[in-house]
Each structure stands twice: as structure tokens, then as C-alpha cells.
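As C-alpha cells, the structure follows; a few thoughts come after it.
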Amino acid sequence: MSAPVLSVNHARKQFGGLVAVNDVSFEVREGEVIGLIGPNGSGKTTMLNLISGALAPTGGEIRLAGERISGLAAHQIARKGVARTFQLVRVLPSLNAEQNVMAGAVFGHRKLWGHEAQELARSLLDLVGLAGRGQMPVSALTYIDQKRVELARALAADPRVLLLDEWLAGLNPSELQIGIALIEKLGREGRTIIMVEHVMDAIRSLCGRCVVMNTGRKIAEGDVEDVLSDPEVVRAYLGDDDDA
Amino acid sequence: MSGFLSDLRSEEKRSLAIGAVIVAVAALLPFFDQGFYLSISVNIMLYAALCTAWSLFSGPTHYVSLATAAFYGLGTYSVGLGIDILPYPVLLLIAASVGAVVAGLVGAMTLRISGVYFVIFTFGLAEFVRQLVTWTQTKFATAMGLYVFTDFMEQHIYWMLLALTAVVFLTGFLINRSRLGFAMTVIGNDETVARHVGIDTARAKIILFMVSGAFIAIAGAITAPRYTYIEPPSAFNPMISFLVVIMALLGGTRRLWGPLVGVIPFTIMMDIISSRFPNHTSIVIGLAFFAIVYLLPDGVTGRLEQLRAKFRARKAGDHAPAIAEKQA
Amino acid sequence: MNILVTGILLSGTYALIALGLTLQYGVARIMNLGNGETLVAACFVAFWLYTGLAINPLLGLLLIAPTAFVINWAIYAVALQPLVKRAKNRGQLESDSILATFGLLFLLQGLMLLAFGGEYRSYTFLAERFDIFGYSYGLNRVVAFVAAAIIAAALWFFLYRTRQGTALRAVAVDPNSANLVAIDVARTAAFAFALGGAVTACGGALLSTFYTFNASMGVVFTMKALIIVIMGGVGDLRGAILAAIILGVSETLVASLIDPGLTMAATYGLFILVLLFRPQGIFGRASS
Chain A
324 MSAPVLSVNH
334 ARKQFGGLVA
344 VNDVSFEVRE
354 GEVIGLIGPN
364 GSGKTTMLNL
374 ISGALAPTGG
384 EIRLAGERIS
394 GLAAHQIARK
404 GVARTFQLVR
414 VLPSLNAEQN
424 VMAGAVFGHR
434 KLWGHEAQEL
444 ARSLLDLVGL
454 AGRGQMPVSA
464 LTYIDQKRVE
474 LARALAADPR
484 VLLLDEWLAG
494 LNPSELQIGI
504 ALIEKLGREG
514 RTIIMVEHVM
524 DAIRSLCGRC
534 VVMNTGRKIA
544 EGDVEDVLSD
554 PEVVRAYLGD
564 DDDA
Chain B
4 MSGFLSDLRS
14 EEKRSLAIGA
24 VIVAVAALLP
34 FFDQGFYLSI
44 SVNIMLYAAL
54 CTAWSLFSGP
64 THYVSLATAA
74 FYGLGTYSVG
84 LGIDILPYPV
94 LLLIAASVGA
104 VVAGLVGAMT
114 LRISGVYFVI
124 FTFGLAEFVR
134 QLVTWTQTKF
144 ATAMGLYVFT
154 DFMEQHIYWM
164 LLALTAVVFL
174 TGFLINRSRL
184 GFAMTVIGND
194 ETVARHVGID
204 TARAKIILFM
214 VSGAFIAIAG
224 AITAPRYTYI
234 EPPSAFNPMI
244 SFLVVIMALL
254 GGTRRLWGPL
264 VGVIPFTIMM
274 DIISSRFPNH
284 TSIVIGLAFF
294 AIVYLLPDGV
304 TGRLEQLRAK
314 FRARKAGDHA
324 PAIAEKQA
Chain C
43 MNILVTGILL
53 SGTYALIALG
63 LTLQYGVARI
73 MNLGNGETLV
83 AACFVAFWLY
93 TGLAINPLLG
103 LLLIAPTAFV
113 INWAIYAVAL
123 QPLVKRAKNR
133 GQLESDSILA
143 TFGLLFLLQG
153 LMLLAFGGEY
163 RSYTFLAERF
173 DIFGYSYGLN
183 RVVAFVAAAI
193 IAAALWFFLY
203 RTRQGTALRA
213 VAVDPNSANL
223 VAIDVARTAA
233 FAFALGGAVT
243 ACGGALLSTF
253 YTFNASMGVV
263 FTMKALIIVI
273 MGGVGDLRGA
283 ILAAIILGVS
293 ETLVASLIDP
303 GLTMAATYGL
313 FILVLLFRPQ
323 GIFGRASS
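Residue numbers (my numbering), protein chains in the order written: chain A, 324 to 567; chain B, 4 to 331; chain C, 43 to 330.
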């Protein structure tokens with residue numbers, strides 16, 4: 324039983340009167356692909372923001388491989404090995420695809436530069452299916468291609484934990500298949516991934532475990548099938564048409 | 004360093020070569036004229052150094068620094084206070100250090116918060132420093148000003164400013180090729196992404212500001228002998244800050260040599276206006292700011308590049324069918 | 043004690059210019075660096091009304107305030123609204139408006155220098171002694187303070203007890219949400235900008251009753267107003283007033299006890315303290 328690579332202990336985030344994350348605890352072991360699901364507004368993205376350091380928790384703590392990261396600045400957490408994609412894709416518009424990916428490798432714990440960083444960027448672009456497109460200005464790429472660049476950039480940091488914020492959202496069925504295959508490959512290679520998703524097919528096929536949130540609280544955790552047949556989870560989603 | 008020259012791309016080698024030629028040609032000026040043209044060239048060279056150093060920071064960050072007069076005055080005073088005590092090169096070093104330290108303090112206090120706080124703080128910084136310096140002068144010295152007597156003549160100051168400008172350009176060139184330059188590019192594109200790939204955005208900005216402040220202080224130190232008598236209102240003249248902003252923004256900060264495009268015509272124009280229409284200088288400066296905001300947001304160089312891109316796109320459109328709109 | 047009261051009297055006018063700037067920055071999101079020029083212009087107009095037409099400056103307010111309102115509305119509509127429309131994000135609007143209002147600063151200052159020259163001017167109005175707690179002060183300062191307090195109270199009443207005022211506050215908090223509840227954000231912003239200019243102008247007119255002014259002093263007052271606004275917490279009225287009082291008293295303290303030439307140092311000292319220990323200001327909301 325390996326020690327958890329990420330542990331969230333009683334995390335809490337409050338904005339004035341609104342409690343977006345309320346006493347949430349869970350662990351992620353190395354190599355796991357965890358789904359973080361729940362209806363809209365349940366606090367999933369806020370939870371990711373707490374892990375990545377975009378927000379500081381109002382209470383509780385978060386540890387990466389035993390070391391406390393909650394309360395650190397985002398860049399410090401990134402250097403310790405947390406990388407993410409964003410709900411609305413954030414690429415660096417004035418750069419080409421290769422430079423976008425390099426950005427992930429240059430400043431993290433790898434500290435690559437020059438040819439090394441370029442080589443890594445090219446191989447990652449190959450991995451995500453953008454072989455040979457490194458010189459294209461990233462603003463000229465399609466939405467899914469930009470998402471791939473963003474994923475490559477996150478991988479360039481060689482993170483201990485990869486956070487995917489609805490990375491499969493907005494994809495048509497064939498793109499979705501390709502996307503799911505890509506994440507599956509990453510999982511097989513041993514990447515530790517936390518994915519926030521609404522696409523239930525993806526959760527079923529990719530995730531070993533699931534954490535379900537609703538209105539800021541964790542309401543269920545465990546095997547994907549068990550969790551999805553939990554009556555409280557069903558109730559939380561009632562009225563939510565969430566088929567892919 | 005041996006691999007450095009071979010790592011340069013051909014266009015970068017060309018830029019360096021062109022720069023070296025321009026510096027060599029410019030250095031010849033004092034042999035041709037020692038009067039009016041040299042004098043105005045000293046002004047041009049001073050503002051070339053100031054504006055390029057200013058753009059090192061304010062270009063990538065888009066934060067308008069008004070601290071120029073403060074750094075300049077501190078540099079001038081470093082020479083003014085130490086000219087009889089320490090050798091001149093040491094004074095230049097001291098000026099650079101003072102500039103860097105003050106920039107570091109200001110940056111550390113304001114850049115972690117927001118750009119607006121930074122602008123506001125630098126807005127009154129020169130005035131603040133001036134008051135402190137004036138007060139210490141009245142308390143610890145008999146007169147308000149300092150006498151600076153050196154053997155430096157106009158051409159020596161010209162050459163030193165030319166050397167400084169060349170060093171500022173070289174520094175800018177090196178920064179652009181470095182990780183710091185890449186970090187600033189990422190920050191300029193998307194600061195959230197910058198933080199999430201591990202860039203300490205505040206530290207990067209502060210370091211850049213310190214480099215900029217050090218160079219501006221050196222410029223002040225170099226021009227100190229020109230005054231002969233240094234007193235706070237002229238050393239810490241806030242107009243220096245505003246003029247640097249205008250010239251750099253009119254020229255454009257997207258390119259390292261952009262500010263130069265603004266410096267040369269504007270220095271000449273201000274010289275004419277302050278001698279012929281001295282009561283109208285404020286109005287001209289006000290209009291210059293309007294021109295920057297409404298007509299030339301990226302400066303002259305930015306506007307020219309826009310036109311060039313449009314021209315190219317139109318030419319390409321003549322030969323190929325319209326490219327479908329890519330989704331952003 | 044003497045220092046305290048003198049400082050408080052001075053802070054009345056500081057408060058007005060700070061309130062004017064708070065309205066312009068908090069609601070219209072324009073960092074108006076030319077605000078001080080409105081103050082100075084009002085000084086000159088009050089001067090001219092009193093010395094030329096023998097109109098009491100307090101009555102002159104009735105003329106100066108609406109005129110400043112109209113002129114500032116025009117400035118916003120012509121010069122600043124295009125910037126609001128074209129700005130893609132708040133950061134860009136801030137840097138654009140800083141540059142544009144610099145232009146305003148120099149243009150207005152240049153025009154005033156041309157029209158009035160650079161000399162210092164003052165006039166005597168209610169220069170008799172007025173005793174408070176055994177110390178005597180100029181009656182003009184006391185009257186100016188009282189008038190400033192009345193104007194500030196009226197402003198508070200407007201913002202917190204009327205519909206229009208509440209709309210202003212809504213836009214200051216969140217323009218997008220304000221839009222959703224049928225508030226005309228553009229018009230409200232213009233109104234706030236104009237109102238801010240009028241309040242500042244009142245401050246200027248009152249200032250001229252006891253302060254020697256000249257055409258170039260606008261920048262100093264803008265600087266102080268900016269620092270007061272930040273100290274008090276951007277967009278907060280009570281904060282601006284409290285910060286104005288703190289600044290007025292500190293300045294007077296430093297000027298009386300240490301050296302009159304260190305007023306800027308006092309102001310900056312306070313600014314640095316705020317930046318180091320409470321950057322959101324006294325009443326500001328800490329951002330996460």
C-alpha cells in the first residue's frame with residue numbers, strides 16, 4: 324500500500340457568505356486516475372483551484388507526498404509537481420505550439436532550456452497527436468488542438484499530479500474517443516490524474532475511483548459503478564441530463 | 004561563452020552587426036562638431052539610454068513606471084556627493100546599486116499587489132525622494148546644492164552615454180534570449196498560466212525593474228558633470244519621467260529599438276518648442292499623451308508593423324482563396 | 043490638540059477631492075490623474091468670482107459644481123468612453139485611462155498656465171479668528187471644513203438613500219451584475235465621473251478660501267487623493283473620509299513637529315505602511 328501522493332484533509336473554501344468547498348477529504352495514490360464529479364456548482368473546479376494554488380483554502384490542508392502545499396503560492400506548488408489544464412483553454416496566443424509546450428518544461432522542477440526543451444516539446448506534441456505542427460501559431464489551431472497543446476504543456480512539467488479540468492468538454496464523438504484514448508494511455512504509463520468531468524462514459528472507462536461532490540461537500544467516494552448507483556448521488560444529479 | 008555566437012540565429016547575428024556599425028558611426032560625431040549638434044546629440048543619447056532602459060521593464064509588463072526621475076536623481080546625487088572622495092567608476096557602480104536597491108524596494112512593495120498601485124507609487128516617488136534629499140541637505144550641509152567639477156567635456160559625456168546605450172541594448176538582447184525574457188513573454192500572454200507553469204511572476208518583474216532602475220541611475224550619474232551645480236529640483240525633475248514615457252510609447256515598446264524611433268524626433272521637437280514657445284510645453288505634452296492613447300497604442304513601430312502585416316495579408320489574398328476563420 | 047484640529051480642518055478639503063476620485067475610479071473605473079486640475083481650475087474660478095464679481099465662494103459653489111459636472115461629463119463621453127468600449131480587460135482600461143488622463147493633466151495645466159501664468163494667488167475671505175478649545179483658527183478654514191462636511195454628508199445621503207445612488211454603488215461592486223438588473227452601466231459611469239468632478243471642484247473652491255494656489259499644483263493634490271483613496275480602500279466612502287483625516291492630521295503633525303518640507307514624506311510614509319500591512323485599505327475587501 325503506497326503512501327498517498329496527494330491528500331486533501333478537511334479542505335474548506337469560503338467566499339464571504341458562500342462556502343464553495345465544505346470539509347472535503349480524500350486521498351490519491353500514485354498512478355491512480357480519479358474522477359471528481361458532481362452537478363454544476365458543486366465546487367469541483369474550486370477544489371482543483373485549491374490543489375493547484377490558484378486559491379488558498381480557508382480551512383483544512385492539502386499535502387503532496389506528505390509535504391504541505393496548501394497556502395503556498397501557485398508557482399511554488401507548480402514547481403513541486405502539480406500541473407493542470409483549465410476549463411476554458413488557456414494557451415499563450417503570441418507563441419507557436421512548440422513554445423507553448425516548452426513553457427511547461429522551462430520553469431518547473433525540470434528546468435530544461437534550449438535544445439533539450441525543444442526536443443521534449445516535439446516529442447510531447449507527437450504524443451498528443453500534433454506531430455509536425457509545432458511551428459504553427461497556437462491561435463490558428465482549432466479548439467481541440469489547443470486543448471492538446473495545453474495538455475502537452477502540463478505533461479512537459481512531468482508532474483506528480485495532473486489535474487484535468489473538464490478536458491473532454493466540448494468535443495464531438497470522434498474527438499471524444501481520441502481524447503479518452505489519450506488519457507487512458509497516460510494512465511497506463513503511470514500518471515496520477517485527477518479529472519473533473521461531466522462526461523460519464525469517460526469517467527466509467529478511465530477512472531478507477533470517483534469522488535462525488537455536491538454543494539461543496541463530498542457525498543460519495545469509491546468504485547465508479549458503486550458510486551453512480553448510490554441513491555444520494557442519483558438524487559444530486561436528478562434533473563441533470565448528463566449523457567455524453 | 005564559446006558556444007554563444009554559434010547559437011545565434013542568422014537574423015540575430017545581423018542585428019548585432021548592424022548595432023555595432025551604428026555605434027561606431029555615432030561615436031564619430033564629436034569629431035565633426037563640438038557645438039550645437041553635439042549638445043543636442045548628448046540629449047538624444049541620454050534619452051535613448053533612459054527610454055530603452057525604461058522599456059526593459061515597462062515594455063513587457065505594460066506597467067507605466069514614473070520612477071525614472073527618482074532613479075536619475077539618485078544617480079546624479081551619487082556623483083554629486085562622492086565626486087571629491089571616490090574614483091568616478093566607483094561612483095557609477097554606486098549609482099547603479101542605489102538604483103537597483105530602490106527599484107527592488109519599490110517593486111517588492113507594489114508589484115506583488117497590482118500594476119495600478121505601482122503606477123501611483125512611482126507617480127510621487129521622485130517628489131518623495133526629492134523632499135528627503137532636500138531635507139537632509141538643509142540639515143547636514145550648508146548649501147542646497149552640490150558643486151561638481153570634473154575634467155569631463157561634452158564629448159566625453161556623449162561617449163559615455165553612447166556606451167551606456169549600447170550596454171542597455173545588449174542587455175535587452177540577452178534578456179530576450181534568456182529564461183527571464185521567456186518568462187516575461189509568458190507573463191505578458193497570460194499571467195495565470197505563467198504562475199501555473201512555475202514562474203514566480205512577482206520576482207521576475209522585480210528583477211527586471213531593478214535592472215531598469217540601475218541603468219537609469221547610471222545615466223543620471225554620467226550626466227551629473229554637465230550640471231556643474233546639482234540641486235534637487237533639477238536632478239529630480241518629474242518632467243524626466245513623463246518625457247521618457249512619451250518618447251518610449253510613441254516609438255513603441257514591442258521592439259528593443261522602438262523607443263529610439265520616438266526619442267530622436269521628440270527630443271528635437273521639444274528643443275524647438277521649449278526655446279520658441281516655452282509656455283506651450285505642457286500643452287504639447289498633453290497632446291502627445293492623447294496621440295499615444297488614441298492614435299498609436301503600440302507606438303509608431305507598432306503601427307508600421309500592423310500596416311506591413313495587412314499589406315502582406317492582402318498580397319497573400321491575391322494569390323490564394325480566403326482562409327476559413329479559425330476558431331479562437 | 044492644536045495640531046489635531048488644524049489637521050482635521052485641512053482634511054475636509056482632502057476628503058472632497060478623495061471622494062471625487064473614489065467616484066471616478068470606483069464606479070467609472072477611470073484612474074483620473076487629471077483630477078487635481080479640476081481642483082485647481084475651481085480655485086481659479088472661485089478666485090475670479092470673488093475678486094472680479096464679488097461673489098462669495100460659498101455661493102460660487104452653486105455655479106462651480108454644476109459647471110464641473112457638465113464639463114466632466116463631456117470629458118468622459120468624448121475622451122474616456124471610447125477607451126472603455128475598446129478595452130478588452132480591466133488592466134488595459136486602467137493603463138489606457140492613466141495615459142489619457144495624463145494627457146488631460148498636461149493639457150488643462152498648460153491651458154491654465156497660459157491663461158493665468160504661474161504665479162501664486164490667494165484672496166482673503168473670512169480671514170478672522172475663530173476660537174475652538176482656546177486655540178484660534180482662521181474662520182475660513184472652519185467654514186471650509188463645515189461646508190466640506192455638509193457636501194460629504196449630502197453625497198452619503200445620495201449614495202445610500204436614493205435609487206440613483208444605489209445604482210452607482212451597484213456598478214462599483216460589479217458592473218456585469220448591475221447590467222443584469224437593468225442598470226444602464228454606461229450612463230451610470232458617466233454620471234459618477236461627472237459627479238466626482240463636481241465634488242472635487244467643490245473641494246477646490248473651498249480650498250481657495252484659505253490656501254495659496256497656483257496653476258501647477260494640481261499634481262500634488264492628485265497624488266494625495268490617490269493615496270487617500272488607496273488607504274481608505276478603493277470605492278469605500280467612509281474609508282476615503284477616514285483616510286483623509288489621517289492624512290490631514292499626519293501631514294500637519296510632521297509639518298509642525300519635524301519639518302514643513304517633509305509633507306510628501308509623511309504622505310508616502312503612510313502609503314508604504316498601507317502597502318506593507320493592509321494593501322486593500324482600511325475598509326477594502328481582501329482579494330483571495
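Backbone N, C-alpha and C fix where the C-beta goes; we use that ideal spot for every residue, glycine too.
In chain C, which residues lie with their C-beta within 9 Å of the C-beta of B:SER68? Simply none; closest approach about 11 Å.
Kindly provide the ranges of any beta strand (DSSP E) runs that are 3 or more residues long and lie completely inside the stretch 143-190 of chain C, ordered along the chain. As far as the stretch 143-190 of chain C is concerned, its whole beta strand (DSSP E) runs of at least 3 residues are 171-174 and 177-180.
For A:PRO327, the first and last residue of its enclosing beta strand (DSSP E): Boundaries of the beta strand (DSSP E) harbouring A:PRO327: 327-338, taken from the DSSP string.
Do A:ASP488 and A:ARG433 have their C-beta atoms closer together than 7 Å? no
In the DSSP output, which residue or residues are listed as bridge partners for A:MET518? A:GLY358 and A:LEU487
Would a check of beta-carbon distances place B:VAL28 closer than 7 Å to chain C? False, the Cβ-Cβ gap to chain C never drops below 7 Å.
Which of the three DSSP states is assigned to C:VAL87 in this structure? helix
Sub-7 Å separation of B:ASP193 and A:ARG413 beta-carbons: yes
Helix, strand or coil at B:LEU149 according to DSSP, with G and I counted as helix: In the structure shown, B:LEU149 sits in a strand (DSSP, three-state: E or B).
In three-state terms, what does DSSP make of A:ASN345? strand
Reference B:TRP138, options C:ASP301, C:LEU197 and C:VAL296, closest by Cα: C:ASP301
In the DSSP output, which residue or residues are listed as bridge partners for A:MET536? DSSP output for A:MET536 lists A:LYS541 as bridge partner(s).
Neighbourhood of C:PHE299 by C-beta distance below 8 Å, restricted to the same chain and skipping five residues each side: Note that residue 299 of chain C is Leu in the sequence shown here, rather than Phe. ILE45.
Contacts around A:ALA379, its chain only, beta-carbon distance under 6 Å, and the 5 residues preceding and following it disregarded: GLY394
Could you name the residues of the stretch 172-183 of chain B whose beta carbon sits closer than 7 Å to any beta carbon of chain A, in the order they occur along the chain? ARG182
Applying a beta-carbon distance threshold of less than 8 Å, which residues of chain A neighbour B:ASN192? LEU415, PRO416, SER417 and LEU418
Would you mind working out which of A:GLN399, A:LEU485 and A:LEU418 sits nearest A:GLU512, comparing C-alpha positions? A:LEU485
What's the C-alpha gap between C:THR48 and C:VAL291? 7 Å
C:THR242 versus C:GLY62 - alpha carbon distance: 5 Å
Taking DSSP as the reference, what is the three-state secondary structure of B:TYR120? Looking at B:TYR120 - three-state DSSP - the assignment turns out to be helix.
Under a three-way DSSP split, which group does A:ALA406 fall into? strand
If you drop the 5 nearest sequence neighbours on each side, which residues of the same chain put their C-beta closer than 6 Å to that of A:ASN332? SER348, GLY383 and GLU384
Kindly indicate which residue of A:VAL556, A:THR515 and A:LEU418 has the alpha-carbon position closest to the one of A:LEU464. The residue from A:VAL556, A:THR515 and A:LEU418 with its alpha-carbon nearest to that of A:LEU464 is A:LEU418.
Could you please tell me which residues of the stretch 12-27 of chain B, in chain order, have their CB closer than 8 Å to any CB of chain A? Taking 8 Å as the upper bound on Cβ-Cβ separation, chain A lies near no residue of the stretch 12-27 of chain B.
Please report how far the alpha carbon of C:ALA224 lies from the alpha carbon of C:ALA83, in whole angstroms. 36 Å
Any chance you could list the alpha helix (DSSP H) runs of at least 4 consecutive residues sitting entirely within the stretch 101-141 of chain C, in chain order? 123-128
Going by DSSP, what residue range makes up the beta strand (DSSP E) through C:LEU249? Premise fails: C:LEU249 lies in the alpha helix (DSSP H), 227-249, not in any beta strand (DSSP E).
Cβ of A:GLY493 less than 7 Å from any chain B Cβ? no
Using only alpha-carbon positions, find the residue among B:ILE275, B:LEU211 and B:LEU173 that is nearest to B:PHE185. B:LEU211
Min CB distance B:GLU234 to chain C below 7 Å: Closer than 7 Å: no.
For C:SER329, count neighbouring C-beta atoms within 10 Å of its own C-beta (all shown protein chains included) and say buried if the count is 16 or more, exposed if not. Because C:SER329 carries a pLDDT of 47, less than 50, the predicted location of this residue cannot be relied on, and the following value inherits that uncertainty. C:SER329 comes out exposed.
Going along chain A, which residues have a C-beta under 9 Å from B:GLY302? Residues of chain A whose Cβ lies closer than 9 Å to the Cβ of B:GLY302 do not exist, since the nearest Cβ in that chain is about 17 Å away.
So, is B:SER5 buried or exposed, given that buried needs 16 or more other C-beta atoms within 10 angstroms? At B:SER5 the pLDDT is 44, less than 50, meaning the model places this residue with poor confidence and gives no usable figure here.
With 7 Å set as the bound, which would you pick, yes or no: does the beta-carbon of B:VAL196 sit closer than that to a beta-carbon of chain A? By this cut-off, B:VAL196 is an interface position.
Classify C:GLY207 as helix, strand or coil using the three-state DSSP reduction. helix
Kindly identify the DSSP beta-bridge partner or partners of A:ASN419. A:PRO460
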